[in-house]
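Just below is one structure, and these are the notes that go with it.
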Ligand code: AMP
Ligand code: GLY
């Protein structure tokens, strides 16, 4: 199978790494990729959000499968264009990806499908926003309606700050605060059938102890020894299948991965958000543990044959990933610094996110620069193996959380 992956982050490096290990994959391409992906795939410099360029590349390479990593190409209609050209593609259509692209649309679908989630109001004017803040009370949750790369959400006890964020956005969703630990569950979908991966947890705040600004994720681990045993089945029953059915009813059959961000509240799991793509860094640890060859699974989603495919199986043991972020991430990350110490150990390896190669040298080129995945028979060992390798990586000004999976 010839496969083309679209994207350039840690998620795409993890995807490419697993695809490379799948004996079915004979050729692996990535566009645009990064300095780590370059070691396992042939890179192509195109604009990943341009449906025409992606389709043209896929045709020229004669690939059997296109895997779209990030949300921006999905919302730009890349999967639609590739599918229209007759090439199987892993990733939902532009309209189905609005489950991530518009928080208001996601809320509407959840309401229609009776999916447990925070009560919410969509607001355009300041008066509407003020009324919604008072209806739900503190802590206030204010979300930019559109895509904001994980930075559009403000959770605060300060009513003035909440209102200021609402004012700065064109359209906001204001909702009830959900109290409880957060869990990510990803379901692979082929338009009819959905199968779960195992739950994972990420750490969204920049600094130890959950302090500092929200980020795209500073680390993750799987499995979750503390999670209720019926969690996955319950979320499939109460969230994933009803959501799939509602999207199909609207003529938007969903092919790709549905990322369900949940809060485990006293009233059971409730949806915090949907994403139309694999979450990063969770994907790094999930794919590390996934035993089922990845290409076959993703291809089955793309061709509507997931029902006849063996369900994903996970290896026992634990994986922990720790993100190494650039100085000043997430506000204004510093780029262009040389990175040293990029080896692997027996039980840990580096995943590249924001890196590129300049004159043969790997330099930082994004906010989340690298992550280190550690593995072991249990979480504590995996964690130790990850941090042992983190301490060997040298990047001026960089920082990481010290409490991932602790
Ligand atoms: P989102 O972009 O929707 O994932 O939101 C980013 C983060 O904000 C989430 O991971 C939560 O930590 C927090 N958050 C979002 N919505 C809520 C909510 N209704 N209640 C509590 N925390 C929330
Ligand atoms: N780790 C959360 C995300 O990818 O949005």
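Residue numbers (my numbering): 120 to 525. Quick reminder that beta carbons are idealized off the backbone N, C-alpha and C, glycines included. None of these values were measured; they are calculated from a predicted model.
Query: If I measure Cβ to Cβ from residue 474 and keep anything under 8 Å in the same chain, skipping five residues before and after, which residues do I get?; Result: 153, 154, 155, 458, 481, 482, 483, 484, 485, 488 and 489
Query: For the candidate residues 387, 324 and 384, whose alpha-carbon lies nearest to that of residue 400?; Result: 324
Query: To the nearest whole angstrom, what separates the beta carbons of residue 170 and residue 418, a pair I think is in contact under 8 Å?; Result: Not confirmed; about 21 Å, so no contact.
Query: Could you compute how far the alpha carbon of residue 131 sits from the alpha carbon of residue 125?; Result: 8 Å
Query: For residue 279, name the three-state secondary structure that DSSP assigns.; Result: helix
Query: Mapping DSSP to helix, strand and coil, what is residue 194?; Result: helix
Query: With respect to the beta strand (DSSP E) encompassing residue 495, which residues constitute its N-terminal and C-terminal limits?; Result: 487-495
Query: If you measure between the beta carbons of residue 392 and residue 380, is that distance less than 8 Å?; Result: yes
Query: Cα separation between residue 406 and residue 241?; Result: 36 Å
Query: Which residues bound the alpha helix (DSSP H) around residue 500?; Result: 498-509
Query: Kindly list the residues whose CB is nearer than 7 Å to the CB of residue 354, restricted to its own chain and excluding five residues on each side of it in sequence; keep chain order.; Result: 304, 379, 381 and 388
Query: Mind pulling the alpha helix (DSSP H) runs of 4 or more residues that sit fully within the segment 241-319?; Result: 245-255 and 278-287
Query: Which residue spans inside the segment 178-241 form an unbroken alpha helix (DSSP H) run of at least 4?; Result: 190-194, 197-203, 217-220 and 222-232
Query: Can the beta-carbon of residue 495 be found closer than 8 Å to that of residue 508?; Result: no
Query: Would you report the Cα separation of residue 239 and residue 230, rounded to the nearest angstrom?; Result: 10 Å
Query: Return helix, strand or coil for residue 419, following the three-state DSSP convention.; Result: helix
Query: Specify, as a first and last residue, the run of the beta strand (DSSP E) that residue 444 falls within.; Result: 437-444
Query: For residue 121, report the span of its alpha helix (DSSP H) as first-last.; Result: Segment 121-126 is the beta strand (DSSP E) holding residue 121; no alpha helix (DSSP H) there.
Query: Once DSSP output is grouped into helix, strand and coil, what is the label at residue 376?; Result: strand
Query: Beta carbon of residue 380: closer than 7 Å to some heavy atom of the ligand AMP?; Result: yes
Query: By DSSP's criteria, residue 137 is part of a beta bridge. Which residues make up the other side?; Result: DSSP lists no partner for residue 137.
Query: Can we count residue 391 as close to the ligand ATP, meaning its CB is less than 7 Å from some heavy atom?; Result: With respect to small molecules bound, the structure shown includes the ligand AMP and the ligand GLY and not the ligand ATP.
Query: Sorted by chain position, which residues of the same chain lie with C-beta nearer than 7 Å to residue 212's C-beta, five sequence neighbours on each side aside?; Result: 198, 199 and 371
Query: From 339, 322, 469 and 505, pick the residue whose C-alpha is nearest to that of residue 332; which is it?; Result: 322
Query: Indicate, with yes or no, if the ligand GLY has a heavy atom lying under 7 Å from the CB of residue 333.; Result: no
Query: Could you tell me whether the segment 253-261 touches the segment 285-299, using the rule of 3 or more Cβ pairs below 8 Å?; Result: yes
Query: Could you pull out every residue in the same chain whose Cβ sits closer than 7 Å to the Cβ of residue 420, ignoring the five residues on either side in sequence?; Result: 209, 307, 308, 309, 374 and 375
Query: I need the straight-line Cα distance from residue 363 to residue 510, nearest angstrom please.; Result: 43 Å
Query: For a minimum of 4 consecutive residues, which ranges assigned as the alpha helix (DSSP H) are wholly contained in the segment 342-403?; Result: 350-354 and 360-368
Query: With a CB to CB cut of under 6 Å and the five nearest residues on each side skipped, what residues in its chain are close to residue 259?; Result: 252, 275 and 281
Query: Looking at residue 498 and residue 340, is the spacing between their C-beta atoms short of 8 Å?; Result: yes
Query: Ordered along the chain, which non-local residues of its own chain (more than five positions away) have a Cβ less than 6 Å from that of residue 505?; Result: 439, 441, 467, 491 and 493
Query: From this set, 434, 249, 501 and 433, which residue's C-alpha is nearest residue 465's C-alpha?; Result: 501
Query: Where do the ends of the beta strand (DSSP E) carrying residue 477 lie?; Result: 474-477
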